[in-house]
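Since the structure comes first, as structure tokens, the remarks are kept for the end.
Residue numbers (this note's numbering), protein chains in the order written: chain A, 426 to 543; chain B, 249 to 383.
Structural data, given as structure tokens:
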């Protein structure tokens, strides 16, 4: 079996707020159904669901690999009007990371990997 | 421009500053307490403290050793983690994590004891996670 893509389904406690959040973060939104949206950036996609599962979201972690973490931090730090949390850029042996909690509690590891790690 | 403050104005500023600071601290503490175990381990501003077997408390990092220390993080390469065969119930020592702690003066890394980090398949769990503590 050869896999060409994996897409995650993220639940949201306020669907419209999460839709706005991910668009402001730089994703392009498309409607899939009334209760499901698809977000795309750089050929990478994920689903956002209107349903909410608190237990799932507060355990959920996703890695968002970016080309330029400083640019990502600029975008994140300028997000306004969302109940989100983020930490400063942290340097790790394998690269750099920003921890970003989305509006429904999902935790994104926004990472820029060292060139040697790829 | 000369600005003059009388003593009551200064007192007002000090009280306001204290209220602002303590409110911010309470908010940050509440942020940590709202995190799940996995998310708490990841945060460099919160620390997952061991209370008793399988019972933990996620608290705001309380000193320079805990601040900036992540008890769990992504490791795309397997070269960073080495086995410590001397202690049967200890997790493998993560030397990069240890270095990130002990590079700070007065900080001592303590390896996880009987704790299973996310992404690992362990035979023992419920113990103390890795900590970066003041010596």
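The C-beta atom is built at its ideal place from N, Cα and C for all residues, glycine as well.
Within its chain, find whatever has a CB closer than 7 Å to the CB of residue 382 of chain B; leave out the 5 residues flanking it on each side and keep chain order. 311, 313, 354, 355
Practice prompt. Alpha carbon to alpha carbon, how far is residue 344 of chain B from residue 458 of chain A? Give it in angstroms, no decimals.
Written response: 45 Å
What is the DSSP secondary structure of residue 446 of chain A, counted as helix, strand or coil?
helix
What does DSSP give as the partner residues of residue 520 of chain A in its beta bridges? A:517, A:538
Do we get a CB-CB distance below 9 Å when we pair residue 484 of chain A with the residues of chain B? yes
Residue 478 of chain A versus residue 360 of chain B - alpha carbon distance: 30 Å
> Out of curiosity, what's the CA-to-CA distance linking residue 470 of chain A and residue 364 of chain B?
Replying inline: 31 Å
### Integer Cβ distance of residue 435 of chain A from residue 488 of chain A, believed to fall under 8 Å
Residue 435 of chain A to residue 488 of chain A, Cβ: 13 Å. No contact.
_Distance check for residue 495 of chain A and residue 462 of chain A, CA to CA, integer angstroms please._
28 Å
**Q.** Distance CB(residue 348 of chain B)-CB(residue 517 of chain A) smaller than 9 Å
**A.** yes
Less than 9 Å between the C-beta atoms of residue 502 of chain A and residue 536 of chain A, yes or no?
no
task: Could you check if residue 520 of chain A is buried or exposed, using at least 16 other CB atoms within 10 Å of its CB as the buried criterion?
output: buried
Exercise. Determine whether the Cβ of residue 491 of chain A lies closer than 9 Å to any Cβ atom of chain B.
Key: no
### Query
Where do the ends of the alpha helix (DSSP H) carrying residue 481 of chain A lie?
479-482
Against chain A, which members of the stretch 282-303 of chain B pass a CB distance test of less than 9 Å? 282, 283, 284, 285, 286, 287, 290, 291, 292, 293
| request: Go ahead and label residue 303 of chain B buried or exposed: buried means 16 or more other beta carbons lie within 10 angstroms of its beta carbon, across all protein chains shown. | output: exposed
Next on the checklist: Which residues in chain B have a C-beta closer than 7 Å to the C-beta of residue 510 of chain A? List them in chain order.
Outcome noted: 279
**Item:** Within chain A, the residues that residue 344 of chain B reaches when beta carbons sit closer than 9 Å
**Value:** 517, 518, 519
| Going by other Cβ atoms of all chains shown within 10 Å of its Cβ, with 16 needed for buried, is residue 522 of chain A buried or exposed? | buried
Would residue 534 of chain A pass as an interface residue toward chain B - the criterion being a Cβ-Cβ separation below 9 Å? yes
* When DSSP builds the beta bridges, which residues end up paired with residue 511 of chain A? -> A:525
Between the alpha carbons of residue 429 of chain A and residue 467 of chain A, how many angstroms are there, rounded? 15 Å
So residue 470 of chain A is in the beta strand (DSSP E); what residue range does that whole segment cover?
-> 469-474
Could you tell me which chain B residues have their CB closer than 8 Å to the CB of residue 524 of chain A, listed as they occur along the chain?
-> 290, 291, 292
Which residues in the same chain have their Cβ closer than 6 Å to the Cβ of residue 282 of chain B, if we skip the five residues on either side of it in sequence?
none
Q. What do you reckon, are the CB atoms on residue 530 of chain A and residue 446 of chain A nearer than 9 Å?
A. no
- prompt: Taking the alpha-carbon positions, what's the residue 346 of chain B to residue 460 of chain A distance?
  reply: 45 Å
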